[in-house]
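All remarks here apply to the structure that follows.
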Amino acid sequence: MVEHMKWWGWGRESVSFSPADKPALAPFIRKHIGLDVTRPPAQAPAFADLDIADPILPDALRDALTSAVGAEHVHTETLERVVHAYGKSLRDLVRVRSGDLGRLPDAVVYPGGEDEVRAVLTAAIDADAVVIPFGGGTNISGSLEAPRGETRPVLSVDLGRLDRVLDIDTDARLARVQAGALGPDLEAQLNALGWTLGHFPDSFSHSTLGGWIATRSSGMQSDKYGDIADITKAVRVVTPAGVLATRAVPSQSTGPSVREMILGSEGRLGIITEATVQVHRVPEERTILGYFFPTWDEALLAMREIAESEAAPSVTRVADPGETRFSLATSKKGSAVTALVSKGLKQYLARVKHFDLERMCLSFIGFEGSSGHVRTQRKFVGDIVKRHGGVCVGTGPGQLYDQKKFDTPYIRDFLLGQGALADVSETATSWSQLASLYTGVVARAHKTFDEIGVQGWIMAHLSHSYHSGACLYFTFAFASPVTLDGLERYDAVKSAIQQGFIDLGGTLSHHHAVGLEHAPWLADDISPAGVSLVTALFDGIDPGHNLNPGKIIPSVVPGPAAD
């Protein structure tokens, strides 16, 4: 059986976040959102207290599923159904903790191969059931839940048994991989043979290759390796029309790209079973250095100059002053980050470099390759950093960044237990609009905090750089009852930020997908004509709206034909 995350939060039951060894964190949170996090956290609700409806699974459908995958791989147990009902967005976790489970799947099916996926999809369509593909369950945009008013049987098709690297073409540097492979397992299989995918999203520990493709994921090292859209060279997808298979060729001119249609499709076109992805030899050397910049404006200018230079780093990340202060507040007593902001360094930055310590920005820049390549790249970047007043503080912070890079969702869950709503929104825009978008979004968030009467906090970092622009990743938080009513205030803040992205020249999402959360802004982003094209595509391949209905573009289930 596939091991899933806890039903009420992020990660495994045995892992959680604690502020006990981070002396600066509690005072920071008290100052900025008025919340005391030293008290015992609220306990997760008892699973036995949940009101769980019985599954709706007609005998004929159950028999067909059993015939397809075996009785041991068709599950109707309550825990399986609850785990597969939602993703891990803040809204999902508030609803689950409040006992609002929505429309649960009636069965969770674990196919063991493409033929079994085909049999499951055929059985579902024959029975007019809903099929929702499930990878690791990490989605935070509402891509996994069934429509609340859905009366048809709902199946969650978990790809967890399809978890192997099937083949590596060493000449072409391509690997065929089953779609259910979790990030750590995929990297372990590749690393054992001397290869890496180089794709490390925040959700890496619990997300899958198929999920990355279905949501157009980006990884922390996409500056070097590319986003999943760049990495994915071919796909195999079980659709109502049969198995869609594209070829792993370097480039082609064969009309609109079918591969691109699958990228970001969120299960609306079929179930991804396999992908051919580009892989790289594990680099000889990998180094992440920490830098401080005197201001956010100088940091953004440096990131832009790095992007347009001969430098080719694997990571270009810089936090605004707020996120810099938060990062320092989360450091453990005696850690590398604590050491790097020692009294001596602070005095040097303030007295010699003339930094305003409240405005300085912490950056991480990564380098990979041969020793000579890394040395050359470090010099390119070092020269640019110096031109913008930056100071290198060595590898210690980079090592800590590597250790902590997947921890953020645990902090969000901790805050939920303490009575705060914290979430993220991310966008991408051009270098020419980056600074104004940042300023405008922060202003809109603070205006909304005032309107709803809360003491709120918003911070951001630049996380991915491109030829023409970059991704900005915002995090916001405020104290609030963790209840369904509390979500109304959350919606006000989230909507203000998302609308800010659209109004100020950004996209509604850089790598978190559309799902339900971002669908209201889709027409503003891709135009009404774009929505019409996507609608026609979905309706053409899935006229019965059996495949993850309502995601990206709301679906209207066809009624019976008139006599």
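Each residue of the sequence shown is one higher than the one before, starting from 4 at the first, in my numbering.
Think of the CB as a built atom: it goes at the ideal place given N, C-alpha and C, for glycine as much as any other residue.
For His-449, the three-state DSSP class (helix, strand or coil): In the sequence shown, residue 449 corresponds to position 446, counting from 1. Looking at His-449 - three-state DSSP - the assignment turns out to be helix.
Cβ-based burial, Gln-46 [other Cβ within 10 Å; buried from 16]: Residue numbering aside, residue 46 sits at position 43 when the sequence shown is read from its first letter. So Gln-46 ends up on the exposed side.
Straight-line Cα distance separating Tyr-469 from Arg-492: One-based indexing of the sequence shown puts residue 492 at position 489. One-based indexing of the sequence shown puts residue 469 at position 466. When rounded, the distance between both Cα atoms is 34 Å.
Residue range of the unbroken alpha helix (DSSP H) whose run includes Trp-10: Translated into the one-based positions of the sequence shown, residue 10 becomes position 7. First-last for Trp-10: undefined, no H or E at that position.
Minimum C-alpha distance to Gly-369 - residue among Thr-333, Leu-64, Thr-327 and Arg-320: For the purposes of this step, residue 369 is identified with residue 366 of the sequence shown, where counting begins at 1. Cα-wise, what sits closest to Gly-369 is Arg-320.
Whole-number beta carbon distance between Leu-525 and Ile-556, since they are thought to touch under 8 Å: One-based indexing of the sequence shown puts residue 556 at position 553. One-based indexing of the sequence shown puts residue 525 at position 522. Indeed, because the Cβ distance is near 7 Å, the residues count as touching under 8 Å.
Among Asp-488, Trp-460 and Ile-55, the one whose alpha carbon lies nearest that of Phe-31: Here residue 31 refers to the residue found at position 28 of the sequence shown. Among Asp-488, Trp-460 and Ile-55, the Cα nearest to that of Phe-31 belongs to Trp-460.
Pro-286 vs Glu-190 beta-carbon contact at 7 Å: Here the question's residue 286 lines up with position 283 in the sequence shown. Here the question's residue 190 lines up with position 187 in the sequence shown. No, the Cβ-Cβ distance between Pro-286 and Glu-190 is not below 7 Å.
Runs of alpha helix (DSSP H) lying entirely within the region 288-340, each at least 4 residues, in chain order: With a minimum length of 4 residues, the continuous alpha helix (DSSP H) runs that stay inside the region 288-340 are 299-310 and 324-332.
As assigned by DSSP and simplified to three states, the class of Val-560: In the sequence shown, the residue the question calls residue 560 occupies position 557. At Val-560, the pLDDT of 45 sits below 50, so the modelled position is not reliable; the number obtained from the coordinates is stated separately. Val-560: coil per DSSP, three-state reduction.
Test item: CB-CB of Asp-161 and Tyr-89 under 7 Å: Start at 1 with the first residue of the sequence shown, and residue 161 comes out as number 158. Start at 1 with the first residue of the sequence shown, and residue 89 comes out as number 86. Not in contact: Asp-161 and Tyr-89 (Cβ atoms no closer than 7 Å).
Runs of alpha helix (DSSP H) wholly within the region 387-432 (minimum 4 residues, chain order): Inside the region 387-432, DSSP marks whole alpha helix (DSSP H) runs of 4 or more residues at positions 399-407 and 411-421, from first to last along the chain.
Residues of its chain near Phe-383, where Cβ-Cβ distance is below 7 Å and the 5 sequence neighbours each way are ignored: Taking the first residue of the sequence shown as position 1, residue 383 is located at position 380. Hits under 7 Å: Ser-312, Glu-313 and Ala-314.
Status (buried if at least 16 other CB within 10 Å, exposed otherwise) for Val-77: As a first step, residue 77 is located in the sequence shown; it is residue number 74 there, counting from the start. Buried, since its Cβ has 16 or more Cβ neighbours within 10 Å.
Buried versus exposed, by CB contacts within 10 Å (16 or more), Ile-350: The residue you call residue 350 lines up with position 347 of the sequence shown. The question names Ile, but residue 350 in the sequence shown is Gln. Answer is exposed; the Cβ neighbour count stays below 16.
Close beta carbons around Phe-20, own chain, < 6 Å, minus the five adjacent residues each side: Sequence index remark: in the sequence shown, residue 20 carries index 17 (1-based). Excluding positions up to five away in sequence, the list reads Tyr-413, Ile-414 and Phe-417.
Under 7 Å between C-beta atoms of Val-134 and His-7: Translated into the one-based positions of the sequence shown, residue 134 becomes position 131. Translated into the one-based positions of the sequence shown, residue 7 becomes position 4. In this structure, His-7 does not lie closer than 7 Å to Val-134 by Cβ.
Rounded C-alpha distance that separates Arg-362 from Arg-328: The count along the sequence shown starts at 1 and reaches residue 362 at position 359. The count along the sequence shown starts at 1 and reaches residue 328 at position 325. So the two alpha carbons sit approximately 9 Å from each other.
Whether Ala-495 touches Leu-38 by CB criterion (7 Å): Taking the sequence shown and counting its residues from 1, the one referred to as residue 495 is at position 492. Taking the sequence shown and counting its residues from 1, the one referred to as residue 38 is at position 35. Cβ atoms of Ala-495 and Leu-38: not closer than 7 Å.
Selected residue, minimal CA-CA separation from Tyr-2, among Asp-66, Lys-227 and Asp-323: Because the chain in this structure spans residues 4 to 566, residue 2 falls outside the shown range and cannot be described.
CA-to-CA distance, Ala-237 to Ala-627, given in whole angstroms: This structure does not reach residue 627, given that the chain is present from 4 up to 566, and the question cannot be answered.
The region 200-207 in contact with the region 258-267 per 3-pair CB rule at 8 Å: no
For Asp-410 and Asp-24, the rounded distance between their alpha carbons: If you number the sequence shown from 1, residue 24 lands on position 21. If you number the sequence shown from 1, residue 410 lands on position 407. Cα-Cα distance, rounded: 15 Å.
Other residues of its chain near Arg-155: CB distance less than 7 Å, five sequence neighbours each side excluded: Within the sequence shown, numbered from 1, the residue matching residue 155 stands at position 152. Taken in chain order, the residues that qualify are Asp-131, Ala-132 and Val-133.
Cross-strand partners of Ser-535 (DSSP beta bridge): To locate residue 535, count along the sequence shown from 1; it is residue 532. According to DSSP, Ser-535 bridges with nothing at all.
With 16 other Cβ atoms within 10 Å as the buried cut-off, status of Asp-426: Taking the first residue of the sequence shown as 1, we reach residue 426 at position 423. Per the 10 Å Cβ criterion, buried.
Inter-stretch contact at 8 Å, needing at least 3 Cβ pairs: the region 299-307 / the region 384-397: Yes, the region 299-307 touches the region 384-397.
Proximity below 7 Å, CB of Ala-3 to CB of Leu-147: A query on residue 3 cannot be resolved here, the shown segment of the chain reaching from 4 to 566 and no further.
Residue from Ala-71, Ala-63, Leu-107 and Ser-101 with nearest C-alpha to Ala-56: The count along the sequence shown starts at 1 and reaches residue 56 at position 53. Nearest C-alpha to Ala-56: Leu-107.
Three CB pairs or more closer than 8 Å across the region 429-436 and the region 268-288: No: the two stretches stay apart, fewer than three of their Cβ pairs being nearer than 8 Å.
Extent of the continuous beta strand (DSSP E) to which Asp-170 belongs: Counted from its first residue, the sequence shown places residue 170 at position 167. Residues 168-172.
Which listed residue (Thr-173, Gly-115 and Ala-232) has its alpha carbon closest to that of Gly-183: Residue mapping note: residue 183 aligns to position 180 of the sequence shown, counting from 1. Answer by Cα proximity: Gly-115.
Helix, strand or coil at Ser-374 [DSSP, three-state]: Position 371 of the sequence shown, counted from the first residue, corresponds to residue 374. When secondary structure is reduced to three states using DSSP, Ser-374 falls in the helix class.
Residue from Leu-193, Gly-145, Ile-275 and His-209 whose Cα sits closest to the Cα of Val-18: Position 15 of the sequence shown, counting from 1, holds the residue named residue 18. The residue from Leu-193, Gly-145, Ile-275 and His-209 with its alpha-carbon nearest to that of Val-18 is His-209.
Cβ neighbour criterion (16 or more within 10 Å) applied to Pro-297: Position 294 of the sequence shown, counted from the first residue, corresponds to residue 297. Buried: at least 16 other Cβ atoms inside 10 Å.
Nearest-angstrom beta carbon gap, Ile-291 and Val-240 [assumed within contact, 8 Å]: Translated into the one-based positions of the sequence shown, residue 240 becomes position 237. Translated into the one-based positions of the sequence shown, residue 291 becomes position 288. Actually they are not in contact, since the Cβ atoms of Val-240 and Ile-291 sit about 36 Å apart, beyond 8 Å.
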